[in-house]
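For the sequence shown, position 415 matches number 435 in my numbering, and the numbering has no gaps at all.
For every residue, glycine included, the Cβ atom is placed at its ideal position computed from N, Cα and C.
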Amino acid sequence: MRRGCLSLPITLLFSFLLFSGSNLQSANPQDISIDWTHYHNYAETTDILKDFANKYKGLCKLYSIGESFQGKQIWCMEITSYASGAPETKPGMYIDGNTHAGEVSGAEACLYDVYYLLTNYGKDPLVTKLLDTKVFYIIPKINPDGSDAYLRKPGEPLDPNLKKVDDDGDELLDEDGPEDLNDDGIISLMRIRDENGPLQTSPKDARLMVQRRIDEKGEWRIIGPEGIDNDKDGRINEDPPGNARTVTNRNYPAYWAPEWIQSGSGPYPLSQPEAKVQVDFILAHPNIAGIQAHHTHSGVILRPYCNLSDEHIPPQDMRNFVAIGALGTEITGYPLMSVYHGFTRDKSNPRHGVFVDWAYDHFGAFAFTTEIWKAPGETGGSAFEEQDEELAMKWNDKELGGKGFVNWTNFNHPQFGEIEIGGWNSNFFSQNPPGKFAEAEWKKNCLFELKHAVMLPYLKIAEVKTDPLGDRLIRVTVAIENEGFLPTNVTEKAIQNKLAKPVVVKLELEEAELLCGDAKTEIGHIKGNSPPARTMFGLPGGAAPQNEKTVQWLVRVKGSRASAKITVISQKAGTASRQVSLGSP
């Protein structure tokens, strides 16, 4: 029964996913070579985006939405067919990446979205229809400072514009960051022998460690990432270059909490410049109707809430979250789950100030966080159990030639004496996919985002009738249809929180006068073709979705060139207009 019910929304989606082609042709395809096995820093990403913007001028515009903490531009690539209408008159799909410094997969997935949309316009019917009717706002690097710090190899010069911060409160700036002690180009782990330590060498693979039994002595204790206690305060790596304390994805207004409740939340909501410019941009683009954020890792699609149970989500919104998420699961293989129910082990200590909660609660859009990439052996988080680590090691040896793991080597540490350095190269094994597996991850996530964009509401004028009634009187009737899967308000939460503006219909007359009806009429919201509520036996209840509304006027023709222009305006479902002749008096 459950399987049958869950399959219902997917069946209802199919008609929206099969677009016919467009007669418009793409801009002349240009060869832009991108190495998808490589993770691009800020400068490289900027060059790629500028290259696309120069070569596809009819389809995209590149602009900065603001500056990062270190003064880098936060780039947005706006993509649509400008020939088919202004971007602000189309439903918008917002996509971003790299909010967390180390989650550089998000930036690459965004670059792939840009590449896929621009190079497939005029070739792929789905892409062509989307760019003719929608606009994409793609921000690859929300956190360009953190991204560059993460991608910077140990020993490379620091950004000359780096703003130093006192992360550990000792009135010194950036004095205690990690060091590549063994000069292998990787910051890995340090371990020290300790018979009271919690770990032992695995009997299955000497490279791995396992939790010791309570009746046995220990063998190892993890000290932490490579580094020394530069400021002699008894801690290691606690004040790295830049601002490491505030976590941008705990700095948003929705359910924000101070540092003593939520670590990394910052002194107040939107104190981080990156979060502030991101929120300002979205609020300045009320046509945005769908939101997806690329994060890593675990291979899951996350939805709100982060700190509330599902009972706080209206039933119709829940059905639509599940319906859209099910498309994502079908394409990516990632399961859909609530952050609170499926991704929070300790329900008494949920996450606060998270972007998707703000996007849903404060902006009224369906928002998803895609946690890209699940490494072999991963259980759903960043930790591995022993048997999972063994599986991961076998995969590492077979697919990567062992490069995903740094073999343990001896090192004489200035504070700890004899230690060993080694462990997983987690940056590009578990947190981000190894290069040879990257493009497949980018592509399937791109296809999910395109299907989400298909679901957005989209208004059109289905029909205009002009019925002569005699004595120069004409009844004008317009039928307005929502072609999209979602309603024009997008979410019930938007209505609940008074965020959703009604659809407006305007009538402008030439050589005619309006006798009955309003020149500007608010008609509320128009439903989409999302699945209705289930009733007995799990079958849809009620009539067919009401995705059409009509408006009528009575006008008197005064001249030989009498005409009427009808314009339909929706905040998130676009603008449509039609001009009709009213004939002679």
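Item to complete: Could you tell me whether the region 480-489 touches the region 313-324, using the rule of 3 or more Cβ pairs below 8 Å?
Response: no
Fill in: Collapsed DSSP secondary structure at A66 in the structure displayed
At residue 66 the sequence reads Thr, which differs from the Ala that was named. Here T66 sits in helix by DSSP.
Worksheet item: Taking the C-alpha atoms as reference points, what is the distance between S104 and T541?
Response: 26 Å
Worksheet entry | CA-to-CA distance, I351 to K464, given in whole angstroms | 6 Å
Item to complete: Please go through the same chain and pick out, in chain order, the residues whose beta-carbon is closer than 6 Å to the beta-carbon of E530, but skip the five residues on each side of it.
Response: Only S583 meet the Cβ criterion.
Worksheet item: Of all the options G544, V525, N517, which has the alpha carbon lying nearest to the alpha carbon of V498?
Response: V525
Worksheet item: What first and last residue would you give for the beta strand (DSSP E) that runs through G443?
Response: 437-444
Worksheet item: What residue from I242, P293, Y288 has the CA that sits closest to T119's CA?
Response: P293
Worksheet item: For K464, which three-state DSSP category applies?
Response: K464 falls in the helix class under three-state DSSP.
Item to complete: State buried or exposed for A596, treating a residue as buried only when at least 16 other CB atoms are found within 10 Å of its CB.
Response: buried
Worksheet item: So the alpha helix (DSSP H) P370 belongs to, where does it begin and stop?
Response: P370 -> no alpha helix (DSSP H), and no H or E assigned at all.
Item to complete: Report buried or exposed for C536, applying the criterion of at least 16 other Cβ atoms within 10 angstroms of its Cβ.
Response: Exposed.
Fill in: For Y114, the three-state DSSP class (helix, strand or coil)
strand
Item to complete: In the DSSP assignment, find the unbroken alpha helix (DSSP H) run with N574 in it and report its ends.
Response: Note that residue 574 corresponds to Leu in the displayed sequence, not to Asn. Unbroken run through L574 is the beta strand (DSSP E), 568-577; no alpha helix (DSSP H).
Worksheet entry | Own chain partners of F341 with C-beta closer than 6 Å, once the 5 adjacent residues on each side are dropped | R323
Worksheet entry | Given F383 as reference, the closest of Q566, Q336, Q591 once Cα atoms are compared | Q591
Worksheet entry | Candidates G117, N163, T100: closest to F89 by CA position | For the residues G117, N163, T100, the minimum Cα distance to F89 belongs to N163.
Practice prompt. Pull up the distance between the alpha-carbon of N269 and that of H317, whole angstroms please.
Written response: 15 Å
Worksheet item: Among the residues of its own chain, which have a CB less than 6 Å from the CB of D168, if the five just before and after it don't count?
Response: Taken in chain order, the residues that qualify are N61, Y62.
Fill in: Validate contact between the region 456-470 and the region 566-585 using beta carbons, cut 8 Å, 3 pairs
no
Worksheet item: Helix, strand or coil: which one does DSSP assign to T153?
Response: helix
Worksheet item: In whole angstroms, what separates the C-alpha of I54 from that of E215?
Response: 50 Å
Fill in: Bridge-paired residues (DSSP) for V600
A584
Item to complete: Would you tell me roughly how many angstroms separate the C-alpha atoms of V571 and Y136, rounded to the nearest one?
Response: 40 Å
Worksheet item: Using the beta-carbon count (16 or more within 10 Å), is S580 buried or exposed?
Response: With a 10 Å radius around the Cβ and a threshold of 16 neighbouring Cβ atoms, S580 comes out exposed.
Practice prompt. Run the CB neighbour count on W428, radius 10 Å, all protein chains shown included, and call it buried at 16 or more, exposed below.
Written response: buried
Practice prompt. Report the rounded CA-to-CA distance for M210 versus V230, giving the unit in angstroms.
Written response: So the two alpha carbons sit approximately 16 Å from each other.
Discussion item. So for A127, helix, strand or coil by DSSP?
Written reply: helix
Fill in: Distance between V359 and L228 (C-alpha atoms, nearest Å)
When rounded, the distance between both Cα atoms is 31 Å.
Worksheet item: For Y83, does the three-state DSSP call read helix, strand or coil?
Response: strand
Worksheet item: Taking the alpha carbon of D381 as the point to measure from, which residue in E440, N327, L171 has its own alpha carbon closest?
Response: N327
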